[in-house]
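Below is one structure, written out as structure tokens; comments come after it.
There are 2 protein chains.
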Amino acid sequence: MVKVPNRRQDSRQGSDTPKLEDVAARAGVSTATVSRCLNNPAVVSDATRKKVLDAVRAMGYAPNFGAQALAARRTNTFGAIVPTMENAIFARGLQAFQEALRQQGITLLVASSSYSPELEEQQIHSLVARGADALLLIGHDRPPKCYSFLQKRQVPYVIAWVYDGDEGRVSIGFDNRKAMKSLADAVLDRGHRRLALITADRRNNDRARQRSQGLVDAMTARGLDPETLAVVETAYSIANGAQALEQLMHTTPRPTAVMCGNDVLAAGALTQARKMGLDVPGDLSITGFDDIEIAEIVTPALTTVHVPHRNMGKGAASLLFAMRAGEDPGPSVELEATVILRDSLGPAPDRAP
Amino acid sequence: MVKVPNRRQDSRQGSDTPKLEDVAARAGVSTATVSRCLNNPAVVSDATRKKVLDAVRAMGYAPNFGAQALAARRTNTFGAIVPTMENAIFARGLQAFQEALRQQGITLLVASSSYSPELEEQQIHSLVARGADALLLIGHDRPPKCYSFLQKRQVPYVIAWVYDGDEGRVSIGFDNRKAMKSLADAVLDRGHRRLALITADRRNNDRARQRSQGLVDAMTARGLDPETLAVVETAYSIANGAQALEQLMHTTPRPTAVMCGNDVLAAGALTQARKMGLDVPGDLSITGFDDIEIAEIVTPALTTVHVPHRNMGKGAASLLFAMRAGEDPGPSVELEATVILRDSLGPAPDRAP
Chain V
148 MVKVPNRRQD SRQGSDTPKL EDVAARAGVS TATVSRCLNN PAVVSDATRK KVLDAVRAMG
208 YAPNFGAQAL AARRTNTFGA IVPTMENAIF ARGLQAFQEA LRQQGITLLV ASSSYSPELE
268 EQQIHSLVAR GADALLLIGH DRPPKCYSFL QKRQVPYVIA WVYDGDEGRV SIGFDNRKAM
328 KSLADAVLDR GHRRLALITA DRRNNDRARQ RSQGLVDAMT ARGLDPETLA VVETAYSIAN
388 GAQALEQLMH TTPRPTAVMC GNDVLAAGAL TQARKMGLDV PGDLSITGFD DIEIAEIVTP
448 ALTTVHVPHR NMGKGAASLL FAMRAGEDPG PSVELEATVI LRDSLGPAPD RAP
Chain G
148 MVKVPNRRQD SRQGSDTPKL EDVAARAGVS TATVSRCLNN PAVVSDATRK KVLDAVRAMG
208 YAPNFGAQAL AARRTNTFGA IVPTMENAIF ARGLQAFQEA LRQQGITLLV ASSSYSPELE
268 EQQIHSLVAR GADALLLIGH DRPPKCYSFL QKRQVPYVIA WVYDGDEGRV SIGFDNRKAM
328 KSLADAVLDR GHRRLALITA DRRNNDRARQ RSQGLVDAMT ARGLDPETLA VVETAYSIAN
388 GAQALEQLMH TTPRPTAVMC GNDVLAAGAL TQARKMGLDV PGDLSITGFD DIEIAEIVTP
448 ALTTVHVPHR NMGKGAASLL FAMRAGEDPG PSVELEATVI LRDSLGPAPD RAP
């Protein structure tokens, strides 16, 4: 790893080392231009940047700075944009990502898009403008112009929380669809036939879409009609999970198992079931997804899918290190997500309520 | 709000408007120096900055840019550094902060210091180097050099999550000590005399220190010896809360009420009590602090202190807007924190276990 001192350290160089002014003179540009090259190369024309770089190399300017770091305008700051900082859905992954970055002296700056594509686009621009060397993004769903912007600005990025081999982008994650199918199989194995799904808005959320599809896959594989699946779409929150469960308990026929798009919704559903005097899992089974900490502290503990939070964060860091160094990061990485059986899932009740 | 176009827009100015070179000539400095004033005023001496600013004002340079924005090198990016992104302790406050910023077109970048003063210092430097216009920080505890750095770089900041009128810094928060005293009063009112505290490391955490002190205040006010208080210091996590509770249940005499420094520790303590076959609150009362969402979803729900998460976030944004505009933000803001009584607190058991 090339250590990149900041500009103030440059001024501590001995008098025999070339200065900004010397580089400017050799490159035939103003010192302001050299300075711009150091701070914001994207606003400098390619021709000018090349002139400055050539001068830097020729004169051995700021040997600690490294011509490559200059060209790459390395700031040792990485960015991550997650859909939410609430409910710790992405917190453990981010923590592992940050720990890996810190070992390389890299600072992590995080933005939270509130699941808004417009806000995420602004944040991508802002992080790049602020000099982020590389970005971690969640899921593939975003306008193509975001990808072309990153391509144009040559900012390496990794997509996490998803794995689907053929998207043509470097990703690290798990197969959301397959994982939800496995969980739905466990539900169906216990005799449940009237199922419901509480999911996030699936439009701009490939993870939610794939999880929903995995449930449909499991039903179809057993000859069940996916049209019988009751679905509520709502934003991830405990309160929304509670409200959705109440709504579902008033549908006829009443579901015997409610599968939730994540643990946050499931925790809300569980709380609401208790408020309504329903026994979980006696009257109703509830499942989550993610295996964040609340999955274990609610009563009964949630059956859920354990997502490889820490390995995604750590692995994303490794991929970005390689990309930033100009190396081939290799293919996208698929990690395992595993079904965790806990007490919120039980056999289907004998009698219809 | 003055809209601040970026520098590239300056180049679209008509030919009759003064240019960087003209300002440099008038100020008697190089264009590099003017440029530095625009990008990184803190590395320019006060005298030079004044010369450049005078020239800018006299010539009406970049009328859309605004001399004040120039002095403040506005990027429309604010930073926040929180001790942790896990467990949603700061998530709701950050969310409200971000919403207020977004209304002004400001992007929020967040860093998480893992309760490490060294890491926080790096992050302060990184956010300032990346051009953050203003910073939100949690609590007062940090090396003086962090404050002098921010002062020197003229980056406005607000301290949140604490209120203590006389620190000489603009803060918005609540009185952690008073809030914990109120909660401890509620515990003592129910006859508990053998108390325990599970707290975060109090060395670099003024909130934890003040909460601990509030409990001591309540004991002292009733003539109880604070030396009888059993204390476990541990990092905030559910697992650590569980472990600390187990440890406390093996002390003699066994506490009848365990007060936790936050809801995360309390959720862990509650889970562990259940594992040990203890009835909460029949055998043991447990309290939290913060009133984050898990406080309501655990069984029994946690008695805790409701912290004004959203109002702190929103209010911090208002203070920073004022400071960035060069206005007097007024005195520090004290918000209310209120005791929320839920089922995890009950009367002290009649018989000693």
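If you're matching them up, the sequences are chains V and G in order.
For the first sequence, this note's numbering gives the first residue as 148, with consecutive numbering after it.
For the second sequence, this note's numbering gives the first residue as 148, with consecutive numbering after it.
By construction, the Cβ of each residue, glycine as well, lies at the ideal position given by its N, Cα and C atoms.
Since the model is a prediction, treat every value here as computed from it, not as a measurement.
State the Cα-Cα distance for the pair residue i and residue j, rounded to the nearest angstrom.
i, j, result
"D438/G", "N223/G", "32 Å"
"A484/G", "M327/G", "9 Å"
"L482/G", "R457/G", "11 Å"
"V257/G", "G473/V", "27 Å"
"A416/V", "P494/V", "18 Å"
"M232/G", "G424/V", "34 Å"
"A243/G", "F237/G", "10 Å"
"L467/V", "R300/V", "15 Å"
"A227/V", "V480/V", "18 Å"
"V275/V", "G370/G", "59 Å"
"P496/G", "V411/V", "34 Å"
"S260/V", "Q298/V", "21 Å"
"I433/V", "V405/V", "5 Å"
"P373/G", "A414/G", "25 Å"
"A281/G", "L248/G", "11 Å"
"K422/G", "T446/V", "12 Å"
"L492/G", "G435/V", "29 Å"
"P210/V", "R196/V", "Any reading at P210/V must be qualified, since the residue scores a pLDDT of 33, below 50, and its modelled position is unreliable; the value itself is stated next. So the alpha carbons of these two residues sit roughly 18 Å apart."
"S465/V", "L241/V", "14 Å"
"A382/G", "A347/G", "5 Å"
"R173/G", "L167/G", "10 Å"
"P303/G", "K198/V", "38 Å"
"P138/V", "D332/V", "With chain V represented from 148 up to 500, any question about residue 138/V goes unanswered, as that position is not in the structure."
"R221/G", "C184/G", "12 Å"
"L217/G", "Q357/G", "Only weak support is given to the placement of L217/G: the predicted model assigns it a pLDDT of 45, under 50, and the value that follows is read from those uncertain coordinates. Approximately 40 Å between the Cα atoms of the pair."
"M366/G", "Q390/V", "42 Å"
"R155/G", "P476/V", "With a pLDDT of only 32 at R155/G, under 50, the local geometry of the prediction cannot be trusted, and the value read off the model is given with reservation. Their Cα atoms are separated by approximately 34 Å."
"C293/V", "G460/G", "29 Å"
According to DSSP, what are the bridge partners of residue i?
i, result
"G226/V", "L256/V and L282/V"
"T485/G", "H453/G"
"L342/V", "A404/V"
"V378/G", "L344/G"
"R480/G", "What sits at residue 480/G in the sequence shown is Val, not Arg. In the DSSP output, where bridge partners are listed per residue, V480/G has I319/G."
"I433/V", "V405/V"
"V305/G", "L283/G"
Throw me the rounded Cβ distance for the residue i and residue j pair, which I believe falls under 8 Å.
i, j, result
"G309/G", "S318/G", "Correcting the residue identity first, residue 309/G is Val in this sequence and not Gly. At roughly 6 Å, the Cβ-Cβ gap stays under 8 Å, so V309/G and S318/G are in contact."
"I271/V", "F225/V", "Between F225/V and I271/V the Cβ distance is about 13 Å, and since that is not below 8 Å, they are no contact."
"G320/G", "A307/G", "5 Å"
"P428/G", "R341/G", "P428/G to R341/G, Cβ: 14 Å. No contact."
"I385/G", "T418/G", "7 Å"
"L392/V", "A420/V", "6 Å"
"L395/G", "A377/G", "6 Å"
"A179/G", "T178/V", "4 Å"
"A171/G", "V305/G", "That pair is no contact at about 35 Å."
"S182/V", "S359/G", "50 Å between Cβ atoms; not a contact."
"A235/G", "N351/V", "About 23 Å; that fails the 8 Å criterion."
"R277/G", "R277/V", "4 Å"
Comparing alpha-carbon positions, which option in the options lies nearest residue i?
i, options, result
"D311/V", "K325/V, G462/V and G175/V", "K325/V"
"D364/G", "L330/G, Y262/G and L297/G", "L330/G"
"E268/V", "D280/V, T418/V, E246/V and P291/V", "P291/V"
"R349/V", "K461/V, R421/V, A448/V and H287/V", "H287/V"
"I487/V", "L449/V, L344/V and T418/V", "L449/V"
"L284/V", "D332/V, D353/V, A343/V and I345/V", "D353/V"
"H453/V", "N409/V, A463/V, S273/V and D201/V", "N409/V"
"L344/V", "E380/V, T367/V and L282/V", "E380/V"
"L335/G", "T398/G, P402/G and M470/G", "P402/G"
"D490/G", "I444/G, M459/G, D322/G and S384/G", "I444/G"
"E246/G", "A235/V, S263/V and V378/V", "S263/V"
"L362/V", "N323/V, Y304/V and Q419/V", "N323/V"
"R471/V", "D332/V, A279/V and D430/V", "A279/V"
"N387/V", "T375/V, C407/V and H397/V", "C407/V"
"E265/V", "Q250/V, R289/V, M459/V and Q251/V", "R289/V"
"R204/V", "N234/V, D169/V and A235/V", "D169/V"
Could you tell me if the beta carbon of residue i falls within a distance shorter than 8 Å of some heavy atom in the ligand COA?
i, result
"V199/G", "The ligand content of the structure shown is nil, which means the ligand COA is not present either."
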